[in-house]
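Protein chains: 2
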Amino acid sequence: MNFSLEDAVPVLSRTPLVLRSLLEGLPESWIRGTEGPDTWSPFDIVGHLIHGERTDWMVRTEVLLADGESRPFTPFDRVAMFEASRGKTLHQLLDLFAELRAANLLRLASLNLTTEDLDRRGRHPELGRVTLGELLATWVAHDLSHIAQIARVMGRQYQDAVGPWRAYLPMLGVRGGSES
Amino acid sequence: MNFSLEDAVPVLSRTPLVLRSLLEGLPESWIRGTEGPDTWSPFDIVGHLIHGERTDWMVRTEVLLADGESRPFTPFDRVAMFEASRGKTLHQLLDLFAELRAANLLRLASLNLTTEDLDRRGRHPELGRVTLGELLATWVAHDLSHIAQIARVMGRQYQDAVGPWRAYLPMLGVRGGSES
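Protein chains in written order, with the numbering used here: chain F, 4 to 183; chain W, 4 to 183.
Following this line, the structure appears as structure tokens:
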């Protein structure tokens, strides 16, 4: 698929409800379970998505539109949530994500972007030249990637409980394997 | 995590809303996109989950409780949905899945299963001896695996649109790679 705002906005606008329907009110063992040391729980992932709303997608969009390739984006801190989410409940994080996402989609709509605008260029600190369309497509793919990750992390909590069915569920990981 | 009904039922009961919030009302290109020949679209996956409600989880639970290891489960048809979903809309499939899941969770609750019951044994046609707890844990992990798959299939529709960011999104697949 080529990127279009008509396809992208409906996905971006659904993510808060997807996260809420997946996670809200579940036992803590689902919310806080990880895939092992140095991996993220669903709680951590929601915090990471919040940090993206605050510092990444719309902030970079505005930098790109204002300064083009002359000003590289600020690097994104992938692990800021370990500090920022401390002491918060999942319910608070889900509410905060929903608020930030709604506000960002309003900011996006207010830009009245045209198809031509999607070809405008900015500079990523590592990847170099990128377009606005690529940035916005990445916002969508990043959401979907972390929804998939949450479902995978949850499923892996049952990698032993499923017994021999593990052979039919590649997402749970090969017995004794260490793949991510 | 060990399997428990207290942990499992909240996940099973959420899946219909998770699917609805991910998919309902999206442009067809998201609903019908696949990962290439002989792979499934989100529409196909919802149909597959419907077939599981009809012929797998609770049917096998009842066979196991009635006949133990003496009667192997009927093999599950993983691709029955290609015929069964024909001519239906996604909206119809989501409604049907929600109805079947709700009815199956009522059947499950009506069994008043004890912790001891979870060790009762049945016979899988390929895997051999399995326990009721393993069967029910697999129901949960199977849901989560297909939620992750739907998010992945959707994300991959943007594998080109994200441009150089693909390097940061392993779920989208390595450029030119064929891994699933």
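Ideal Cβ positions, reconstructed from N, Cα and C, are used throughout, including at glycine.
Query raised in the report: So, using beta-carbon positions, are W:ALA87 and W:GLY50 closer together than 8 angstroms?
Result: Here residue 87 of chain W corresponds to residue number 84 of the second sequence, with the count starting at 1. Here residue 50 of chain W corresponds to residue number 47 of the second sequence, with the count starting at 1. Yes.
Query raised in the report: F:GLY180 by DSSP, collapsed to three states: which one?
Result: Reading the first sequence from its first residue, position 177 is the one you call residue 180 of chain F. At F:GLY180 the pLDDT is 46, less than 50, meaning the model places this residue with poor confidence; the figure from the coordinates comes in the next sentence. Coil.
Query - Endpoints, alpha helix (DSSP H) assigned at W:GLY71 - result: Position 68 of the second sequence, counting from 1, holds the residue named residue 71 of chain W. Careful: W:GLY71 lies outside any alpha helix (DSSP H) and carries neither H nor E.
Query - Residue of W:LEU130, W:ARG110, W:ARG132 minimising C-alpha distance to W:ARG57 - result: Counting from one through the second sequence, the residue named residue 57 of chain W turns up at place 54. Among W:LEU130, W:ARG110, W:ARG132, the Cα nearest to that of W:ARG57 is on W:ARG110.
Query raised in the report: Is it true that the CB of F:ARG169 sits closer than 8 angstroms to the CB of F:GLN162?
Result: Your numbering for residue 162 of chain F matches position 159 in the first sequence. Your numbering for residue 169 of chain F matches position 166 in the first sequence. Against a cut-off of 8 angstroms, the Cβ pair of F:ARG169 and F:GLN162 comes out as a contact.
Query raised in the report: Hey, W:LEU26 and W:LEU97 are a contact pair by Cβ (cut 8 angstroms); roughly how many whole angstroms apart?
Result: As a position in the second sequence, residue 26 of chain W is number 23, starting the count at 1. As a position in the second sequence, residue 97 of chain W is number 94, starting the count at 1. That pair is a contact at about 7 angstroms.
Requested in this report: Whole angstroms is fine: what's the gap from W:ASN115's alpha carbon to F:ASP47's?
Outcome: Reading the second sequence from its first residue, position 112 is the one you call residue 115 of chain W. Reading the first sequence from its first residue, position 44 is the one you call residue 47 of chain F. Roughly 35 angstroms between the two C-alpha positions.
Query raised in the report: Comparing the C-beta of F:ILE34 with each C-beta of chain W, is any distance below 8 angstroms?
Result: As a first step, residue 34 of chain F must be located in the first sequence, where it is residue number 31. False, the Cβ-Cβ gap to chain W never drops below 8 angstroms.
Query raised in the report: Starting from W:ARG89 and walking both ways along the beta strand (DSSP E), at which residues does that stretch end?
Result: The sequence position of residue 89 of chain W within the second sequence is 86, counting from 1. First-last for W:ARG89: undefined, no H or E at that position.
Query raised in the report: Which value, in whole angstroms, describes the spacing of the CA atoms of F:VAL156 and F:THR37?
Result: Position 153 of the first sequence holds residue 156 of chain F. Position 34 of the first sequence holds residue 37 of chain F. Computed Cα separation, rounded: 6 angstroms.
Report task. Within 10 angstroms of the Cβ of F:GLY180, are there 16 or more other Cβ atoms? Answer buried if so, exposed if not. Result -> Counting from 1 along the first sequence, the entry for residue 180 of chain F is found at position 177. Annotation note: pLDDT 46 at F:GLY180 (below 50); position unreliable, coordinate value reported separately. Under the 10 Å beta carbon count, F:GLY180 is surrounded by fewer than 16 other beta carbons and is classified as exposed.
Query raised in the report: Any heavy atom of the ligand SAH closer than 7 angstroms to the CB of W:ALA144?
Result: The model on display carries no ligand, and the ligand SAH is accordingly not part of it.
Requested in this report: Step through the CB atoms of chain B and report whether any lies within less than 8 angstroms of the CB of F:PHE76.
Outcome: Reference to chain B is not applicable here, since the protein chains of this structure are F and W.
Query raised in the report: With 8 angstroms set as the bound, which would you pick, yes or no: does the beta-carbon of W:TRP43 sit closer than that to a beta-carbon of chain F?
Result: Walking along the second sequence from the start, residue 43 of chain W turns up at place 40. Answer no: the Cβ-Cβ gap between W:TRP43 and chain F never drops below 8 angstroms.
Requested in this report: To the nearest angstrom, report how far apart F:GLN95 and W:GLY90 are at their CA atoms.
Outcome: Here residue 95 of chain F is taken as the residue at index 92 of the first sequence, counted from 1. Here residue 90 of chain W is taken as the residue at index 87 of the second sequence, counted from 1. Cα to Cα, F:GLN95 sits roughly 42 angstroms from W:GLY90.
Query raised in the report: Shorter than 8 angstroms from the beta carbon of F:PHE6 to some beta carbon of chain W?
Result: Counting from one through the first sequence, the residue named residue 6 of chain F turns up at place 3. Chain W, which has a Cβ nearer than 8 angstroms to the Cβ of F:PHE6, makes this yes.
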